[in-house]
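Q: Dropping the structure in here first, questions after.
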Amino acid sequence: NGALTLRDKPVGHLYSAHTDYGPMIWGELGIAEGTSGKLVAQVRRQAACLAEEQELSLIITDGPPGIGCPVIASLSGIDAAVVVTEPSVSGCHDLQRTLELCAHFEVTPFVVINKWDLNPDMTQEIRASCEESNITVLGYIPFDPLFPKALAAGKLLSQYAPRAKPLKEIEAIWHQLKQANF
Numbered sequence: 222n223g224a225l226t227l228r229d230k231p232v233g234h235l236y237s238a239h240t241d242y243g244p245m246i247w248g249e250l251g252i253a254e255g256t257s258g259k260l261v262a263q264v265r266r267q268a269a270c271l272a273e274e275q276e277l278s279l280i281i282t283d284g285p286p287g288i289g290c291p292v293i294a295s296l297s298g299i300d301a302a303v304v305v306t307e308p309s310v311s312g313c314h315d316l317q318r319t320l321e322l323c324a325h326f327e328v329t330p331f332v333v334i335n336k337w338d339l340n341p342d343m344t345q346e347i348r349a350s351c352e353e354s355n356i357t358v359l360g361y362i363p364f365d366p367l368f369p370k371a372l373a374a375g376k377l378l379s380q381y382a383p384r385a386k387p388l389k390e391i392e393a394i395w396h397q398l399k400q401a402n403f
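So the sequence shown is numbered by my numbering: it starts at 222 and just counts up by one.
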């Protein structure tokens, strides 16, 4: 009796802020902590509460890359997923696994191919595979060295280079997604 005591241990932190685009909730996992799926779930719960309080009709979750627990936590209980992939072997593999997870959770998937112009042949393979599976490809974002420059400057691409070529494609993707039925 009393040999073990269970205690809650914080593994990360939740943050919230108001941006020019609306409220934002995010989490930060502590160093060497391994419960990222739980942190994602907590961020989503807090975002849902905030959306209800503020009567917001749309919650956008920026999920992590890959196919691990945080991706599963990001996909459960949502209506639709925009899966951003790149035309590479690992990108195609992760895309396929993520689409399988979408099917498992009955989530409507949409695909965006980032840096499509770096490997047009593989981009075509991805497009054909999506078409064969009745998955909408929302758009193709070209590679642009302005993206990393904007990140390094701590700015959105639209702030850093308002006339950057990829912005038109990103805007078209957003409009197409808003028109989608899911």
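Cβ atoms here follow ideal geometry from the backbone N, Cα and C, with glycine treated the same way.
(1) Taking 8 angstroms as the threshold (C-beta atoms), are Phe331 and Ala294 in contact?
(2) Across which residues does DSSP place Tyr361 in a beta bridge pair?
(3) Rounding to the nearest angstrom, what Cα-Cα distance links Ile299 and Val328 in this structure?
(4) Over what stretch of residues does the alpha helix (DSSP H) that includes Thr226 continue unbroken?
(5) By DSSP, does Ser297 sit in helix, in strand, or in coil?
(6) With DSSP as the reference, label Ala238 as helix, strand or coil.
(7) In whole angstroms, what separates the C-alpha of Ala385 from that of Ala374?
A: Let's see:
(1) no
(2) Ile334
(3) 6 angstroms
(4) Premise fails: Thr226 is in no alpha helix (DSSP H) and is neither H nor E.
(5) coil
(6) strand
(7) 15 angstroms
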